[in-house]
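A.B. asks: Using our numbering, the letters of the sequence shown map in sequence onto residues 5 to 357. Think of the CB as a built atom: it goes at the ideal place given N, C-alpha and C, for glycine as much as any other residue.
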Amino acid sequence: MDKIKTGLAAYGMSGQVFHAPFISTNPHFDLTAITERSKNLAKERYPETHIARSFDELLDMNDLELIVVNTPDSSHYDYARRALEAGKHVIVEKPFTQTVEEANELVTLATEKGLTLSVYQNRRWDSDFLTVKEILDKKLTGRLVEFESTFPRFRNFIKQGTWKETGEAGGGITYNLGAHLIDQAVQLFGMPEAVFADIAVLRDNGLVDDYFIIHLLRPSKAPDVRITLKASYLMCEREPRFTLHGTDGSFVKYGLDRQEADLTNGLMPDTPHWGEEDPEIWGLLHTEKNGLNMQERYPSIPGNYGAFYENIYQHIRKGETLLSDARGVINVIRLIEAAWESSRSGNVLNLNP
């Protein structure tokens, strides 16, 4: 079948690292256009790709089927709406929108027009997350009782010249990293009945939230599991990325999926052994069952963000289920809004009072 002609709405870090490499190396896609208002950086790597000078120019390209909205957070709703109105399938970078109301409007519009609307929740294809899913599916820790997901970063200064630090166009760690951690938890355990959160600005002279701890209470698929999600820009000493405790043992995984680092260093997704972790950083599975105590490194499943784009193709061309359907991501925005309300009030927020 014909390749899906695709346009990128921006060529900043997101476009250069998370989107263009996977579109360009997938034989089912054609990276037709990239928006750069004044520069020509994309030409160095993608010389055959058209450089659009505005989002309007991208919308006016009749041969484009799919547009990736990877612009600043506050523009996601407007740009996605305009792309849908122009008859394009749309992928929106996370966070999907700033509000649940905006998210519902976009899903309704896409449904009315019969168009695909997906959110780039790429960390569903992180190596560590895929491995955690396997461990839970196999019940290797017994009945799970506690789940902790932490995204540690260390940036003890305010990065100048970026909207992510000013709050003028979105930003803040809760909508940024929180969108990933919450999405992963909902994928595993379903929607919680309630949320209890603390969101704060911890760095000197900070303008946006740079710390959160969110507890998801009584999730629908596993109401007895205690879920804690945490991220901070002031974690110089690393904490485990995932910690699972169950009736038969524990699983602890340090380190981050390697794909972002490899992409930032210029590696492409068609590199041999893409997404594979070195055995020395595999997570530790420690179990005690029937009097037998075992500690072993559990092999990590290779990460593969390319699976997101392959699913987009299979959905658009062959009608297969859309794995990151925007309909399902509305709940992520709902939980972010709930976390903020809980943090402001200092109370547990019930989602279904």
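Between THR53 and TYR302, is the Cβ-Cβ spacing less than 8 angstroms?
C.D. replies: No, the Cβ-Cβ distance between THR53 and TYR302 is not below 8 angstroms.
A.B. asks: Using 10 angstroms around the beta-carbon of PHE374, count the other beta-carbons present and answer buried if the total reaches 16, otherwise exposed.
C.D. replies: Residue 374 cannot be examined here, being either before or after the span of the chain that is shown, 5 to 357.
A.B. asks: By the DSSP assignment, the beta strand (DSSP E) with ASN297 in it spans what residues?
C.D. replies: 296 to 302 is the span of the beta strand (DSSP E), which, as asked, contains ASN297.
A.B. asks: So what does DSSP say about TYR258, is it helix, strand or coil?
C.D. replies: Coil, per DSSP.
A.B. asks: Does the Cβ-Cβ distance between ARG242 and PRO156 come in under 8 angstroms?
C.D. replies: For ARG242 and PRO156, yes; Cβs fall inside 8 angstroms.
A.B. asks: Taking the continuous beta strand (DSSP E) assigned at THR154, which residues delimit it?
C.D. replies: Segment 148 to 156, the beta strand (DSSP E) holding THR154.
A.B. asks: By the three-class DSSP mapping on this structure, what secondary structure does LYS225 have?
C.D. replies: It is coil, neither helix nor strand.
A.B. asks: Hey, quick one: how far does the beta strand (DSSP E) through SER349 stretch, first residue to last?
C.D. replies: Careful: SER349 lies outside any beta strand (DSSP E), inside the alpha helix (DSSP H) at 330 to 349.
A.B. asks: So, does the region 269 to 281 touch the region 211 to 230, judging by three or more C-beta pairs under 8 angstroms?
C.D. replies: Short answer: they don't touch.
A.B. asks: With ASP60 as the anchor, note down where its alpha helix (DSSP H) starts and where it stops.
C.D. replies: Taken as a continuous stretch (DSSP letters only), the alpha helix (DSSP H) holding ASP60 covers 59 to 63.
A.B. asks: Does the beta-carbon distance from ALA13 to THR29 come in below 8 angstroms?
C.D. replies: Not in contact: ALA13 and THR29 (Cβ atoms no closer than 8 angstroms).
A.B. asks: For the beta strand (DSSP E) that GLY9 lies in, which residues bound it at each end?
C.D. replies: For the sequence presented, residue 9 should be read as Lys rather than Gly. Here the beta strand (DSSP E) through LYS9 covers 8 to 12.
A.B. asks: Comparing C-alpha positions only, which one of GLU152, SER122 and GLU341 sits nearest to THR325?
C.D. replies: It is SER122.
A.B. asks: List, from N- to C-terminal side, the beta strand (DSSP E) runs of 3 residues or more that fit wholly inside the region 88 to 153.
C.D. replies: DSSP runs (the beta strand (DSSP E)) wholly in the region 88 to 153: 93 to 97 and 121 to 124.
A.B. asks: If you follow the alpha helix (DSSP H) that ASP67 is in, where does it begin and where does it stop?
C.D. replies: No alpha helix (DSSP H) holds ASP67; DSSP gives it neither H nor E.
A.B. asks: Are the region 102 to 120 and the region 326 to 343 touching, with three or more C-beta to C-beta distances below 8 angstroms?
C.D. replies: Verdict: yes, contact present.
A.B. asks: Taking C-alpha atoms, which residue in ILE285, THR115, ARG338 and THR36 lies nearest to ILE71?
C.D. replies: With distances taken between Cα atoms, ILE71 lies closest to THR36.
A.B. asks: Compute the Euclidean distance between the alpha carbons of TRP278 and ALA311, then round it to the nearest angstrom.
C.D. replies: Spanning the two alpha carbons is a distance of roughly 12 angstroms.
A.B. asks: Per DSSP, what are the beta-bridge partners of ALA198 in this structure?
C.D. replies: DSSP output for ALA198 lists LEU221 and ASN354 as bridge partner(s).
A.B. asks: Considering only the alpha carbon of each residue, which of LEU192, GLY11 and TYR50 lies closest to SER58?
C.D. replies: Of the candidates LEU192, GLY11 and TYR50, the one whose C-alpha sits nearest the C-alpha of SER58 is GLY11.
A.B. asks: From ILE285 to GLY259, what distance separates their C-alpha atoms?
C.D. replies: Taking the straight line from one Cα to the other gives about 7 angstroms.
A.B. asks: Can you give me the Cβ contacts of VAL149 inside the same chain, cut-off strictly under 8 angstroms, excluding the 5 residues immediately before and after it?
C.D. replies: Answer for VAL149: ASP228, VAL229, ARG230, HIS249, GLY250 and THR251, listed in chain order.
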